[in-house]
Amino acid sequence: MMLEALIAVALVGALVTFVAPNRIAGKLAFAISLVPAALSLWLFAAFDGSGNALLDGDLAFESQAAWLEIGDYSISWFVGLDGISLPLVVLTTILCTLAIVSSWTPIDERESQFYGLILFIEAMLIGVFSALDFFLWFVFWEAVLIPMYLLIGIWGGPRRKYAAIKFFVYTNVASLVMFGSFVTLVFGLGDSVTSFGLPEIATAMLAGGPEGFFGLSGTTLASLAFIGMFLGFAVKVPVVPFHTWLPDAHVEAPTPASILLAGVLLKMGTYALLRFNFTMFPEQVEAYAVPIAAIAVISVIYGAMLALAQTDLKRIVAYSSVSSMGYVILGLVAYTQFGVGGATFQMVSHGLISGLMFMSVGVIYNATHTRMVTDMSGMADRMPIAVGVLIAGAFGYMGLPLMSGFAAEYFIFFGSFGSELLAYSALFTSLAMFGIVIVAGYLLFALQRTVFGPYRLETDYEVGRAPVHDVASMIVLLGLIITLGVAPDLIFTMITDAIDPIIQGGGL
Amino acid sequence: MALVQLPEWAALAPALLLAGTALVLFLFDSINPGSTNRALLAGTAVAGSLASLAVAVWYLAAGVGATGIENYGVVDVMNGQFVVDQLALYFMIIISIVTALVAVASYDYLRDHTYQAEYYSLVILAATGMSMIAVSNSLVTIFIALELTSLPSYALVAILKDNRGSVEAGLKYFLIGALSSAIFVYGVSLVYGATGSLQLEAVADNLSAAGEMGGLLGLGILMLIGGVAFKTASVPFHFWAPEAYEGAPAPISAFLSSASKAAGFVLAIRVFTTAFPLEATTAVIGVDWTVAFVILAIVTMTLGNFAAATQENVKRMLAYSSIGHAGYVLIGLAALSTEAGDLVMGAAMMHLLVYGFMNTGAFLFVALAEYWGVGPTFEDYNGLSKQAPFASAAMAVFMFSLAGVPPFGGFWSKYLLYTETVNAAADNTILLVLAAALVVNSALSLYYYSRLVKALWIEEPLLDRDRLAQPTGLYAAIIAAAVMTVVILPAFDPIASAALEAAAAVVG
Chain D
190 MMLEALIAVA LVGALVTFVA PNRIAGKLAF AISLVPAALS LWLFAAFDGS GNALLDGDLA
250 FESQAAWLEI GDYSISWFVG LDGISLPLVV LTTILCTLAI VSSWTPIDER ESQFYGLILF
310 IEAMLIGVFS ALDFFLWFVF WEAVLIPMYL LIGIWGGPRR KYAAIKFFVY TNVASLVMFG
370 SFVTLVFGLG DSVTSFGLPE IATAMLAGGP EGFFGLSGTT LASLAFIGMF LGFAVKVPVV
430 PFHTWLPDAH VEAPTPASIL LAGVLLKMGT YALLRFNFTM FPEQVEAYAV PIAAIAVISV
490 IYGAMLALAQ TDLKRIVAYS SVSSMGYVIL GLVAYTQFGV GGATFQMVSH GLISGLMFMS
550 VGVIYNATHT RMVTDMSGMA DRMPIAVGVL IAGAFGYMGL PLMSGFAAEY FIFFGSFGSE
610 LLAYSALFTS LAMFGIVIVA GYLLFALQRT VFGPYRLETD YEVGRAPVHD VASMIVLLGL
670 IITLGVAPDL IFTMITDAID PIIQGGGL
Chain H
39 MALVQLPEWA ALAPALLLAG TALVLFLFDS INPGSTNRAL LAGTAVAGSL ASLAVAVWYL
99 AAGVGATGIE NYGVVDVMNG QFVVDQLALY FMIIISIVTA LVAVASYDYL RDHTYQAEYY
159 SLVILAATGM SMIAVSNSLV TIFIALELTS LPSYALVAIL KDNRGSVEAG LKYFLIGALS
219 SAIFVYGVSL VYGATGSLQL EAVADNLSAA GEMGGLLGLG ILMLIGGVAF KTASVPFHFW
279 APEAYEGAPA PISAFLSSAS KAAGFVLAIR VFTTAFPLEA TTAVIGVDWT VAFVILAIVT
339 MTLGNFAAAT QENVKRMLAY SSIGHAGYVL IGLAALSTEA GDLVMGAAMM HLLVYGFMNT
399 GAFLFVALAE YWGVGPTFED YNGLSKQAPF ASAAMAVFMF SLAGVPPFGG FWSKYLLYTE
459 TVNAAADNTI LLVLAAALVV NSALSLYYYS RLVKALWIEE PLLDRDRLAQ PTGLYAAIIA
519 AAVMTVVILP AFDPIASAAL EAAAAVVG
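Those protein sequences? They're chains D and H, same order as listed.
In terms of this note's numbering, the first sequence is residues 190 to 697.
In terms of this note's numbering, the second sequence is residues 39 to 546.
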């Protein structure tokens, strides 16, 4: 019942915050969000599962209750965690708490509604990572859109209406494509499947796949479903060429929403790719490995090049997500223990690092009211601690050893270089590695112009040190980044436990 | 063993209670003509509709009308002129829910209005007619119940006597209604001519006797479809709907677009499943009548959605969207040609129930806006959430639910409809087109529904408004509808199984 408690606390907290007076909403939401954060850390400490939740593994904190029967299919409330989802749940609860703290300064109107929406997102995100019934999962998956749409639309920047609509339409259409593909696939599986439980569907897929439907052969149906779902998730990730909603959404979103968007929402896409495409369709992964790897490498290089061309700090960080998520796809398609494990590790690591980066940009913006690299210089003089953390975060992004980014990228490259499944794996890996150089390039370039040198900023107000609560939450994130960088085994062991059954052809 | 053996006619209690309430209201009016004692009048109307609801739910739960053991529980009244089965009870529940919501909301809406008693008694009379449609089992009783529904509705649309729009809408509604009544009754007479019977089972038994008069019978069926299309505001008899809904007082628009539409559909379901079994009818008239519904469904949903997308007036947008929803429900009739037709029909009925909450709620929000004196266009609604966050949150729930976004009721019923249609398409591939049209139209509808959410939450108000009043009745009705739209999610199982069983019983 622990997972239900997590979701319920956040949901009820969202309602309570929504009706609370504006003046106390921020502190109240923070207090409420500490409960799921503490609970999820307790889950982490008490975790005793092994194996993969979808293939025969031991689930932790599992609970299942019959919900409804429709025709030949049953739907149930079915949640549980394995080594892949647990780190993501912890990431969600921690980032949500920190996002709430970082909203205290910039959010100054309709606070109770704002914090209510953040807590609502938190509940839905925990649901996405723990649901094991397709149906339940889809409900959480889609329900994330509404609060994010409102967060961007109400509290966003000048072009917020455009960005909010674009975000909503893009990701909703993608979800519909994915939904249609998956449901049709389940019908194609015929009598071997009697519920929408993901483990059952995964088992049926690995045991032979669909029989065929509407005159399509089983293999064709599986391929179509694979492609449809890949496209659906690819928009969420996002990979080139479906990435255009991301910079718009990021730039217009208020800082806390950006933190959640980059830190957790993008992981929904890669998590779903891993759970659905890369777990249920080993044959299709093999067949389409080269094009997928090509998309991954293009995302890495092109995303980094786009970031290099930006002069808005927030845009730089936004585009860099495209390239980081490209690494995740590359790791997944390598289909080795280190590749897929590294990809999962990168999901967590990128969540922390990009959260930290957006937080830093937000703190600088709160103080200076500009994000333009060209307007700033010598910020280190005025806000030394905040800028110090920003620099550390940037180093984490570049993959400096002893930071989580290094561990993640090392695992991915190690795993993908020698991949047997992916043809030309050495070539793809080397190309992707070149991305690191560009990342280092644009980050150092941006830092040099904004942070170092003499202080220069034309304002008629005093730019001073960042507020304590902002710095504190940045330091918490940095601490986590360094902890995972020094001791990746804290989560990597549980990740590989869950990954192994996938890469051994389902372990069935 | 029942403690008290109720007489047969007591099975009609949900409808009789409504009729009694209408008479009591007339009585109040004759004792104290022109009374504006809103509490008494609205209270009586609400109590009557809630009593009707309670009895209908009780009967359904107690197994009245349940089939399976040799028609156990199905009650024939007056030699089969009326029949109380699960289908009837299910629709009586929808109708009394909407009536209760409308009556509660009217308490505030009719604040300064004369003709209070007339208003409430007309509403309850129309609801009586709708309930009678649900139980009617003969073309004559159906026609009489239909007229009992229509005549009060014409008067209600035109009840704002000083408002030219209202009077004009009433006139249009009346003219088109009279025309379609004529068409319907002409169809009835043709069917009678061909088969020599009016009672629905008898029509089915005598179909083969029609023999050479197959063409006549076919024409009759086509005219009956016309009557249904009018009542459900489906193409080609949909023109009246936007005009009537726009001109009518908003609670009446809610009433007509939810309850009256449900009544139209129960009529169609009853007539076409009982009187014209597909195979026997096709053998006589040589045409499969589900083809007509396939075409109607596609045209209706597409036209409704495209027209809704271009509206500037919120009420008209809702009116066209309700035409679109009629198209979704028509899929239930179109799928009767397949083996899984009962499941699709059940899903369509499920959608009508959810629709009863979300669409009524949406129109009641419009009623609230009219109560505040807010103008009719999207722009006039800008920024309402600042002054009325709760009502606006409820409206956002209705809009997202109507668009079919999880986790709201509208997603569940649309999902059910979609999956069952895909499932049934194994028998008849044309249904795949319907399923595709459903998804495409749903995605399209998100555009104009989210536009209203955007107006309410994201846009800045055009002009400063004074503090808005918070009318208790309207607020209570809107919040109740919103809560139900959300609560349908966990309570989906009993509601869906009631719909599926009711459908299975008649489709059989």
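Glycine residues also receive a C-beta, built at the ideal position from the N, C-alpha and C atoms.
Query                                                                                                                               : Result
Reduced DSSP category for G696 of chain D - H, G, I as helix; E, B as strand; rest coil                                             : Only weak support is given to the placement of G696 of chain D: the predicted model assigns it a pLDDT of 40, under 50, and the question is left unresolved by the model.
Chain D contacts made by the region 458-473 of chain H, where a contact means CB separation under 9 Å                               : E458, V460, N461, A463, A464, T467, L470, A473
Min CB distance I625 of chain D to chain H below 8 Å                                                                                : no
Inter-residue Cα distance where the pair is A232 of chain H and A423 of chain D                                                     : 60 Å
Nearest-angstrom beta carbon gap, G365 of chain H and G342 of chain H [assumed within contact, 8 Å]                                 : 6 Å
Partner residues on chain D for P445 of chain H, Cβ-Cβ distance less than 7 Å                                                       : V328, A332
Test item: CB-CB of S370 of chain D and G417 of chain D under 8 Å                                                                   : yes
DSSP-derived helix/strand/coil call for E497 of chain H                                                                             : coil
Cβ distance (whole Å) where A207 of chain H is taken to contact A282 of chain H below 8 Å                                           : 5 Å
T286 of chain D (DSSP reduced to helix, strand or coil)                                                                             : helix
Neighbour flag for L257 of chain D against chain B, beta carbons, 8 Å                                                               : Absence of chain B from the displayed structure is noted, the protein chains being D and H.
Between the CA atoms of F309 of chain D and L339 of chain D - distance to the nearest angstrom                                      : 12 Å
Beta-carbon gap between Q526 of chain D and I273 of chain D smaller than 8 Å                                                        : no
C-alpha distance - Y644 of chain D paired with F329 of chain D, whole-angstrom precision                                            : 47 Å
Proximal residues to I652 of chain D (C-beta, below 7 Å), its chain only, five neighbours per side dropped                          : The amino acid at residue 652 of chain D is misidentified as Ile; the sequence shows Val. So the qualifying residues of the chain are A556, T557, R571, L646.
Under 8 Å from the C-beta of F530 of chain H: neighbouring residues of chain D                                                      : W256, L257
Within chain H, partners of L339 of chain D - CB distance below 9 Å                                                                 : A434, V491, W495, I496
Cutoff 8 Å: P509 of chain H Cβ touching any chain D Cβ                                                                              : no
Under 8 Å (Cβ pairs) to chain H, residues found in the region 348-367 of chain D                                                    : R349, K350, A353, I354, F357, V358, N361, V362, L365
Contact set for A267 of chain H: own chain, Cβ-Cβ below 6 Å, skip 5 residues either direction                                       : F275
Outcome for Q637 of chain D when other beta-carbon atoms lying within 10 angstroms are tallied against a minimum of 16              : exposed
Classification of K199 of chain H by the beta-carbon crowding that lies within 10 angstroms, buried from 16 upward                  : exposed
The region 402-421 of chain D in contact with the region 229-248 of chain D per 3-pair CB rule at 8 Å                               : no
Residues from the region 389-408 of chain D in contact with chain H, defined by Cβ distance under 7 Å                               : F403
As assigned by DSSP and simplified to three states, the class of Q349 of chain H                                                    : coil
DSSP three-state assignment for Y508 of chain D, whether helix, strand or coil                                                      : helix
Chain H within 8 Å of F376 of chain D, Cβ atoms only                                                                                : yes
C-beta contact flag for G260 of chain D and L381 of chain H at 8 Å                                                                  : yes
Chain D residues whose Cβ lies nearer than 9 Å to that of A534 of chain H                                                           : L257, E258, I259
Check whether A537 of chain H and Y128 of chain H have beta carbons under 8 Å apart                                                 : yes
Sequence-distant residues of the same chain with beta carbon closer than 6 Å to L257 of chain H, five excluded per side             : L228
Contacting positions in the region 283-309 of chain D - beta carbon closer than 8 Å to chain H                                      : R299, Q302
W327 of chain H (DSSP reduced to helix, strand or coil)                                                                             : coil
Which of helix, strand or coil DSSP assigns to Q499 of chain D                                                                      : coil
Cut-off 7 Å between Cβ atoms - residues of its own chain near S549 of chain D, not counting five sequence neighbours on either side : A575, V578, L579, G582, M663
Cutoff 8 Å: V477 of chain H Cβ touching any chain D Cβ                                                                              : yes
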